[in-house]
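Accompanying notes for the structure given below.
Protein chains: 4
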Amino acid sequence: MQINTNQSEHKDNLLLSLISRYHQVRQDSLDICAPLEKEDYTIQTCSEVSPPKWHLAHTTWFFESFILNHYQPDYKVYHPQFDYLFNSYYETVGKPFPRAQRGLLSRPTVEEVLQYRQYVDKAITELLEHTVNKTDSKLEFLLALGLNHEQQHQELLYTDIKHIFAFNPLRPVYKPRSYPSIQPPERYSWLDIKAGTYNIGNEQNTFAYDNEGPRHRVLLDDFSIANRPVNNQEYLEFIEDDGYKNPALWLADGWKHMNNSQCHHPLYWEKKNDEWWYMTLSGLKPVDLSAPVTHVSFYEADAYARWCGHRLPSEAEWEIAADAYPANRGNYRETGLLQPIARPEAPDFFGNVWEWTQSPYQSYPGFKPLQGSIGEYNGKFMCNQMVLRGGSCVSPVEHLRHSYRNFFYPHERWQFTGIRLAKD
Amino acid sequence: MQINTNQSEHKDNLLLSLISRYHQVRQDSLDICAPLEKEDYTIQTCSEVSPPKWHLAHTTWFFESFILNHYQPDYKVYHPQFDYLFNSYYETVGKPFPRAQRGLLSRPTVEEVLQYRQYVDKAITELLEHTVNKTDSKLEFLLALGLNHEQQHQELLYTDIKHIFAFNPLRPVYKPRSYPSIQPPERYSWLDIKAGTYNIGNEQNTFAYDNEGPRHRVLLDDFSIANRPVNNQEYLEFIEDDGYKNPALWLADGWKHMNNSQCHHPLYWEKKNDEWWYMTLSGLKPVDLSAPVTHVSFYEADAYARWCGHRLPSEAEWEIAADAYPANRGNYRETGLLQPIARPEAPDFFGNVWEWTQSPYQSYPGFKPLQGSIGEYNGKFMCNQMVLRGGSCVSPVEHLRHSYRNFFYPHERWQFTGIRLAKD
Amino acid sequence: MQINTNQSEHKDNLLLSLISRYHQVRQDSLDICAPLEKEDYTIQTCSEVSPPKWHLAHTTWFFESFILNHYQPDYKVYHPQFDYLFNSYYETVGKPFPRAQRGLLSRPTVEEVLQYRQYVDKAITELLEHTVNKTDSKLEFLLALGLNHEQQHQELLYTDIKHIFAFNPLRPVYKPRSYPSIQPPERYSWLDIKAGTYNIGNEQNTFAYDNEGPRHRVLLDDFSIANRPVNNQEYLEFIEDDGYKNPALWLADGWKHMNNSQCHHPLYWEKKNDEWWYMTLSGLKPVDLSAPVTHVSFYEADAYARWCGHRLPSEAEWEIAADAYPANRGNYRETGLLQPIARPEAPDFFGNVWEWTQSPYQSYPGFKPLQGSIGEYNGKFMCNQMVLRGGSCVSPVEHLRHSYRNFFYPHERWQFTGIRLAKD
Amino acid sequence: MQINTNQSEHKDNLLLSLISRYHQVRQDSLDICAPLEKEDYTIQTCSEVSPPKWHLAHTTWFFESFILNHYQPDYKVYHPQFDYLFNSYYETVGKPFPRAQRGLLSRPTVEEVLQYRQYVDKAITELLEHTVNKTDSKLEFLLALGLNHEQQHQELLYTDIKHIFAFNPLRPVYKPRSYPSIQPPERYSWLDIKAGTYNIGNEQNTFAYDNEGPRHRVLLDDFSIANRPVNNQEYLEFIEDDGYKNPALWLADGWKHMNNSQCHHPLYWEKKNDEWWYMTLSGLKPVDLSAPVTHVSFYEADAYARWCGHRLPSEAEWEIAADAYPANRGNYRETGLLQPIARPEAPDFFGNVWEWTQSPYQSYPGFKPLQGSIGEYNGKFMCNQMVLRGGSCVSPVEHLRHSYRNFFYPHERWQFTGIRLAKD
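Protein chains in written order, with the numbering used here: chain A, 42 to 465; chain B, 42 to 465; chain C, 42 to 465; chain D, 42 to 465.
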């Protein structure tokens, strides 16, 4: 999680491009929210979801708290209580406002949050203009971190808006569109990888999160991995074979969770007149059988794989297999579809859906978290969560890397999560 | 709950005045919401509180569901799902949307709800204009009921907005104002009433709720009742005498509730630098010692009375004692204070605070609920709740009567509830 | 709740008979537990139920805490922590052990509890022998109170053992027996009572609880009351008419409770091969259609009455109607049936089932609780509960009186509760 | 999880020794329960704990369900409902009785459970006597599995009895004894291990659980590992340095759990007059500062290690380091201490406390669960739990192996769990 700062001659350009990138990323957040009504900004439909207004404010607080408060000598915080209201989980900064109550705050209003954003954007711009001739790799890193952080929240904006809209019986449409005509799905095929000692993890010559390194050796046996994620047609066979009712297929915690929450299909699916429909960011649509299945938990992914007689890949297997393919092609948010679709360009490792691996989220050997409160960014979550790889249809393309590690609890389903099979 | 319809000669005037009153009451709801931001309309800070937007829509649905659907032949409902979304608790009409999730709906927007109101207002006006020459006492009654219903929700709008604002650490101000200078409180005195057989309950020559009748005889022993509600100075003595820590003063359920919820002072009170402050609709203010204590539960009212060596009045005692005084004078919402204050005009039975009685909310002898779904209005709540009398600083003056029976669960505190003492 | 102590000449006999009665009542508790295995004594199947062992210890603690500690000069408590473990709810005595955790204590063992009983019995006997020549009406009262208290717990022993056994899939039998052959039920008839001013409540010349007095006047309108409780045949018609699915019949809190707890028949009923069975203290038996329905909540009683077009009686109506019939005849525990049965001897007001009235449990006018901690016995429960009258098939006959007021929360069903109808 | 069956010539002896071992292990369970009172056998003080009676019955059911029902042709199950009552979690066998309600069953009594054990023991003995001349490696394996399973439950019997006794304010003593005199603790030292490719996991020539294999290669960097577990003196420094109040030391889920459950010291610790005491199977004792700290969660172990600037070992590191030392020496249950103690014989990897590793419990590469319902034994728990190594003071010595993998949820503390440090 360091950026290489040996190229000091390109300093000016780097900072100018940082300013430009800063404004672009900040504007992206506003663009994502553009279709919303004021009322949509304050809702929190479950504790994992945050109100869109909160995302806009929290990402701003991140720049204020970790950059302006340290680097801008006379910086005056915008509001004395925003440090409480918009701190997400940085316990060493101060006690954060309770997460499950974010949807109970009507104030500050959206308008006030937008003013807060402008105030901080102005201060950041001034800070950058004044440090443009100095070398400060830590500041550059923090700025890059703040922008990557904001991109993560942009992805959450999409998934949280989807949850908020799907909860509403009126089924609002975020962005009207029709999806491409539905093609009959082709069977996935296997990529075979030889046993050996491989390297995974990030070299960290360019920006990467701390949790992606250090780069290190792993031992792998022979394995095969599917050339694309499981699609809805394939998943439907599991449903129709009563996969949700067969305890032999499920992890103990998964079986308990599924029964307690009465889940018998992916999130957002519903049956109308014997046909499956699902909620999309374009409203309620018939399930596209050719598209990758999404909004499944790790438990469902694992049970599906066991039903097939296969398994999920480890994150090392995934990374080695994906290494041969470019990370910057795929159904990312830039396609504007905001929904997974069948892609002929297999092998297809990036975009569409975050793929559950069988790897618990843990530190790599020799991992050191960042110093200070920013060290709470990733490391403290290395327990009880599973690694997902590959990005989704609402991830920005420039945000992804081969080494990128996403992580969620095994029961969570509101992200665009999917399934890729592997076998020995 | 019937209106006397013998005066047919004044039919035209009556209906014209109904139309005028209809528009006035409907406008009042909008006026109450005028200071709100769009974001304030969707919040539900606890399950008893409803989002202001919901109140605006539900009161409209009431007219649609109980009047337009029955009296307007070709009436087309505004939206097919509003019957689900805005039904409060009329189980015989259909399954209502879950109460605790009212704050999870961003749509319909405020703007859409206002359009819904206009649509229904237009239809009601047309209906009234077409029936102006016909006698239809049931329609007149339902209209009166709908308007009284809306007035009840206007009171809830105030108390719910207060709860929403008080929950927010930014402590927003609904309506800025300073309160009259604080006077030293005078001791309350006792009104003595002789034993005897009295009549209570409503004659129902004019509009009244079904639960206020039939008028019937009650036997009372000699009793005395305080000439005004308990004030904050008096209540503070109870707090400072560790009244909240002495189990001998509390009902068993009250002691359990207080300990579980860690309540040691009225709702909205907080101590800053050793001084008591409380949240008002005008923001955080020092506690006015001369004003009636408010936002106390029945349990607190009962414990306070026991601490004094007195008791709460029964609702019959309250009504007999109040009968001598006019119901249309008092600190109602029309004073604009929206907060209880000391009043020299004792005996003072009306306005300021709803006064907990020791009477469980039950049917009067011979009570018959209204026919049909509208019968769910009052009767089905006659269990587990306590009767309160007298109206509050956010009740409209024309809404109150000597026979008016309000009712809440004994632990509830978000209404403007207070304490009047009685003794044998 | 005072006993008349003017007859001092009969002092000796009175105390001797008290000693004898003391030993009888104390022995009764042991006799009730005789069929139990050691393992049955420690179980608590829900928070309302207490382990049988706890009842045996708590009733003993009552004598120790309220009599021996005050009257026996050198009394040494049996165990310093029993005051904590076996205090039920006397908060002014000290913090009681949490009620819901009574079933988590294996120690003291049953054997140790029996030794505790012997220790206290010996001390009480000695105390009485030494005070036999002195007049101490308060001690006599406390002794009578302790014995009545123990009788109440004897009833709870039966109902709690029933709950413990019914919970167990093995369906253990407490006392094997077959019930009398089932007779076809006769229709109930109505007793008509004239309007007037009546007196209810206890004169308190002999032992009665404080909550039964003072005797006072009540005003009643004309009413009729059924000559016997509703039987299973009659209740089954309500079930089969989908009474449990019709919201128009239910109080709001009842409807909510029934739906949350998925109750669609009385407690302990189950359907096997299209026939209704229920658990009794003699094991699983076919439902006796002629017997009074039992194990219903107030909500069910109220809904059933509404379905009939009738209502429940008030406790004053019940007492006035029952006054004409002896309280010491009925299917009490002395019949050994331990289950309600049809009785030809109508009107039948006593024994069989506790009859829900429509009266919330409240103080009578002029009620004063006992002084000191013993004042917590009854008064502090006068909120949120409903009055029941008449005793049950597991009440001791000598425990009941016309003025006897039992009280439970409206949702509770594990007592032998039933339904008597009334109408205007 | 297979046993080598090539040595058929020793068949007779093997089976005779199996019968002997069967009776020994079965008797051990009874011996562990010998100090209990009947009342102790039915209690369940939290959902993780099972009543001792349940352990005795469930281990018996295991033999009945997985051996007798399949191998004994005319076997008649002891009781038709025991398959429901004593199935722990084998969903493919049938729906198990709810785990959290095991403590609500008074029947079958202890006596009846002992009869059940005798019935099954007799049937198993007969089965073995009749198959003694045949080769049936699967039966032998299942028998070995049943006995190892029973040994696991023997360990649970100790920890569950401890929990049951510690919950009771009377603090019963399971086995009175005084512990050896307390020695001043010596500082732990480091064992240094070189980077390299190592083999871990079980060869499975002799009995091992399926989760211990297959044996496979792992890559390790240079690391050091402490020669003994952390002791109470060392852990107390963490407490006194406010380690429980410093969020920077804790995993996010750990911080949340600790705050929700208000844990600020190991389970069973309490402060009396400024001194730390803890509950042991010999009653309440002063904390032995020299002894290994125990009853800590993974979260506490991880936070402690971070406070030291070190980390927990991975399970591979632990196994490689422990490989040099015998698994059959240590403070196991055979010492009779039933409590961890300081041991001079460092390096000390076995007995005393189960040591939390940083490894989530997962399948080894190429893992295949057992066929059939017995496959639910281990594999389905491979999510959300952490691996512990080394055995404890209540494990039987013959039960442990270098490759043995225990697993619990990271918040659990009622086992004898402890901490071993490692560093890069």
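C-beta atoms are modelled at their ideal positions from N, C-alpha and C, and glycine is treated no differently.
Partner residues on chain D for residue i, Cβ-Cβ distance less than 7 Å
i              : result
S444 (chain C) : Here the premise fails: no neighbours, minimum Cβ distance about 38 Å.
F208 (chain C) : L145
D81 (chain C)  : S147
C-alpha gap between residue i and residue j, whole angstroms
i              : j              : result
C349 (chain C) : L146 (chain A) : 49 Å
N220 (chain B) : P76 (chain B)  : Per the sequence shown, residue 220 (chain B) should be read as Tyr rather than Asn. Their backbone Cα atoms lie some 19 Å apart in a straight line.
Y285 (chain B) : S302 (chain B) : 12 Å
R269 (chain C) : L411 (chain C) : 35 Å
L330 (chain C) : L198 (chain B) : 52 Å
F208 (chain C) : Q142 (chain D) : 10 Å
A249 (chain C) : Y445 (chain C) : 8 Å
N47 (chain B)  : T238 (chain C) : Low local confidence applies: a pLDDT of 48 at N47 (chain B) is under 50, so the model's placement there is unreliable, with the coordinate-based value given in what follows. Answer to the nearest angstrom: the Cα atoms are 36 Å apart.
L59 (chain A)  : I108 (chain A) : 14 Å
R461 (chain D) : P406 (chain A) : 18 Å
F104 (chain A) : Q68 (chain A)  : 15 Å
Contact check, residue i vs residue j, beta carbons under 9 Å
i              : j              : result
N393 (chain B) : P437 (chain B) : no
A368 (chain D) : L441 (chain D) : yes
L292 (chain B) : A346 (chain B) : no
T172 (chain B) : Y112 (chain B) : yes
S355 (chain B) : T458 (chain B) : no
S433 (chain C) : Q399 (chain C) : no
Y450 (chain D) : M423 (chain D) : no
H204 (chain C) : H99 (chain C)  : no
Y466 (chain C) : L188 (chain C) : Only positions 42 to 465 of chain C appear in the structure, and residue 466 (chain C) is not among them; the question remains open.
L431 (chain C) : A342 (chain C) : The sequence given here has Gly at residue 431 (chain C), not Leu. Against a cut-off of 9 Å, the Cβ pair of A342 (chain C) and G431 (chain C) comes out as no contact.
N128 (chain A) : P139 (chain A) : no
E360 (chain D) : R148 (chain C) : no
D465 (chain B) : R370 (chain B) : no
W95 (chain C)  : F123 (chain C) : no
Contact test: residue i Cβ vs the ligand COA heavy atom, cutoff 8 Å
i             : result
P76 (chain D) : Of the ligands one can find in the structure shown there are none, so the ligand COA has no counterpart to examine.
Residues that residue i contacts on chain B, provided the C-beta gap is smaller than 7 Å
i              : result
P288 (chain C) : E132, T133
W296 (chain C) : E132
Opposing strand residues paired with residue i [DSSP bridges]
i              : result
E311 (chain C) : C:W318
R430 (chain B) : B:E396
H204 (chain C) : DSSP, once it has assigned bridges, lists no residue as partnering H204 (chain C).
Beta-carbon neighbours of residue i, restricted to chain B and to distances below 8 Å
i              : result
M423 (chain C) : L292
R430 (chain C) : What R430 (chain C) touches in chain B: nothing, since even the nearest Cβ is about 17 Å away.
Proximal chain A residues relative to residue i, where beta-carbon distance stays under 8 Å
i              : result
L260 (chain D) : T238, R258, V259, L260
Amino acids of chain A, ordered along the chain, whose beta-carbon sits closer than 7 Å to that of residue i
i              : result
V151 (chain B) : E80
Uninterrupted alpha helix (DSSP H) stretches inside the region 316 to 354 of chain A (no shorter than 4 residues): 339 to 349
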